[in-house]
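Since the structure comes first, as structure tokens, the remarks are kept for the end.
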Amino acid sequence: MLSDLHKHLLNDYQRDFPCSEQPYREIADDLGVSEQQVLSALTELSEQQFISRVGPVIRPNHIGVSCLVAMAVPPEQLESIAEIVNSYQEVNHNYERENRFNLWFVVIAANQTHLDQVLCDIEQHTGHTAMPLPLIRDYFINLGFELNLHD
Amino acid sequence: MLDALDRQIIQLTQAGLPLCPEPYAEMAQQLGVDAETVMQRLRAMQTDGIIRRIGAVPNHYKLGYRYNGMTVWDVVDDQIDILGAKVGQLDFVSHCYHRPRHLPEWPYNLFAMVHSKTETGVQDQIDQIAAILGTYQRSHEVLYSTRILKKTGLRIEAR
Chain A
1 MLSDLHKHLL
11 NDYQRDFPCS
21 EQPYREIADD
31 LGVSEQQVLS
41 ALTELSEQQF
51 ISRVGPVIRP
61 NHIGVSCLVA
71 MAVPPEQLES
81 IAEIVNSYQE
91 VNHNYERENR
101 FNLWFVVIAA
111 NQTHLDQVLC
121 DIEQHTGHTA
131 MPLPLIRDYF
141 INLGFELNLH
151 D
Chain B
1 MLDALDRQII
11 QLTQAGLPLC
21 PEPYAEMAQQ
31 LGVDAETVMQ
41 RLRAMQTDGI
51 IRRIGAVPNH
61 YKLGYRYNGM
71 TVWDVVDDQI
81 DILGAKVGQL
91 DFVSHCYHRP
101 RHLPEWPYNL
111 FAMVHSKTET
121 GVQDQIDQIA
131 AILGTYQRSH
141 EVLYSTRILK
151 KTGLRIEAR
């Protein structure tokens with residue numbers, strides 16, 4: 001179960017995590033708890049996978065180049081093809097989605113040439129077309145996501 | 001531009017900041033610099049917009065948001081920037097992007113990720129986006145993720 005402290009940490013610290021020598025102490029002081037309580041609560045959130053981490057979120061395409069890629073593969077081959085795709089360290093995440101285009105993954109590479117090479121390689125190894133959907137513009141303005149933790 | 005130290009700092013934080021009293025000092029030690037340098041680099045990357053935010057990265061699914069839909073829309077090109085900005089401001093939209101169409105099989109150029117605890121919640125969110133897009137939207141689909149096949153932090157090894 002999530003305590004009030006967990007909820008505060010989840011909702012109020014998606015941004016503006018202190019960039020100071022003792023950031024957890026700073027949070028603890030803000031919330032009126034001890035530094036150890038903050039550290040324990042964050043460890044619990046992390047271990048139970050309520051958060052994937054506490055850290056910087058990097059803006060896409062500011063470090064290397066990335067590209068969303070979709071493939072339409074026969075359902076019975078999905079797992080074996082996903083295994084091939086996942087074997088590339090340039091593939092950052094990979095989701096199965098309910099659609100004719102059922103495999104969706106992100107490729108991140110140091111430069112465009114390398115990215116194109118990875119896509120070409122994946123097409124050759126899987127025998128299926130990879131549809132590149134690179135970002136043209138990012139409209140995301142909100143920082144952090146307001147979580148409803150009350151129901 | 002980012003230098004080698006900036007990249008190392010980002011690399012080191014992708015698994016998360018150390019959960020210890022002085023996390024920046026701990027990172028600094030691994031990198032052979034001082035804590036002040038690490039903090040200053042992180043602040044500079046935030047100012048430059050390379051780092052969007054520093055904080056807890058929630059796992060929506062685990063927090064009860066079982067319905068994570070990628071909504072995709074075919075929006076009239078000359079309106080997409082205005083409308084995309086409006087959709088991106090909705091508080092239930094976590095990502096909103098303009099991406100290229102691939103005709104004829106993929107007519108959609110606007111992507112918005114929505115998250116809800118219920119199926120009806122997602123439908124309501126889709127309706128709200130549809131209302132914003134109005135007649136500038138020709139068609140849309142919602143793609144639910146059925147399985148996470150791979151999920152790793154950002155890797156930036158240069159090659």
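Quick mapping for you: the protein sequence lines, in order, are chains A and B. With my numbering applied, the first sequence corresponds to residues 1 to 151, in that order. With my numbering applied, the second sequence corresponds to residues 1 to 159, in that order. For each residue, glycine too, the CB sits at the ideal point set by N, CA and C. From a predicted model like this one, the values you see are computed outputs, not experimental measurements.
- Within the segment 72-97 of chain A, the residues whose Cβ lies closer than 7 Å to some Cβ of chain B are A82, N86, Q89, V91, N92, H93, N94, Y95, E96 and R97, listed in chain order.
- Residues of chain B with a Cβ closer than 7 Å to the Cβ of T126/A do not exist; the shortest Cβ-Cβ separation is about 13 Å.
- With a contact defined as Cβ atoms closer than 8 Å, Q30/B and L12/B qualify at about 7 Å.
- CA-CA distance, E98/A to E26/A, rounds to 44 Å.
- Here the alpha carbon of G16/B sits roughly 17 Å from the alpha carbon of M45/B.
- Put simply, of D91/B, S94/B and L149/B the residue whose alpha carbon is nearest the alpha carbon of I81/A is L149/B.
- Cβ neighbours of D138/A within its own chain (closer than 8 Å, five residues either side excluded): R59 and P60.
- Counting only runs of 3+ residues, the beta strand (DSSP E) found wholly inside the segment 26-84 of chain B occupies 51-58 and 67-75, in chain order.
- Taking C-alpha positions only, Y144/B is separated from V114/B by approximately 10 Å.
- In the structure shown, Y24/A falls within a helical segment according to DSSP collapsed to helix, strand and coil.
- In this structure, S66/A lies away from A28/A, with their beta-carbon atoms at least 9 Å apart.
- Sequence-ordered contacts of the segment 44-65 of chain B with chain A read G49, I50, I51, R52, R53, I54, G55, A56, V57, P58, N59, K62 and L63 [C-beta pairs closer than 7 Å].
- Interface annotation, V54/A: in contact with chain B, CB-CB separation under 9 Å.
- The residue among P107/B, R147/B, E105/B and G84/B with its C-alpha nearest the C-alpha of H95/B is G84/B.
- The C-beta separation of D74/B from Q137/B comes to about 7 Å, placing the pair in contact by the 8 Å criterion.
- DSSP, reduced to helix, strand and coil, places K117/B outside both helices and strands of the structure shown, so it counts as coil.
- A130/A carries a coil assignment under DSSP once its states are collapsed to helix, strand and coil.
- Taking A56/B as reference, the option from H62/A, N94/A and E44/A with the minimal CA-CA separation is E44/A.
- Within chain B, the C-beta atoms nearer than 7 Å to that of E35/A come from P21, in chain order.
- The continuous alpha helix (DSSP H) containing S40/A extends over residues E35 to E47.
- With a threshold of 16 other beta carbon atoms within 10 Å, M39/B meets it and is buried.
- Between the C-alpha atoms of Q117/A and M131/A there is a straight-line separation of about 14 Å.
- In the DSSP assignment, A109/A falls within the beta strand (DSSP E) that extends over L103 to A109.
- In terms of Cβ geometry, A70/A and L133/A form a close pair [threshold 9 Å].
- In this structure, DSSP gives E83/A a helical state, which the three-state scheme calls helix.
- Excluding residues up to 5 positions away in sequence, N109 and F111 lie with their Cβ nearer than 7 Å to the Cβ of R99/B in the same chain.
- Close to T43/A, with beta-carbon spacing below 9 Å, are these residues of chain B in chain order: L19.
- Taking CB atoms only, G16/B has a neighbour in chain A less than 9 Å away.
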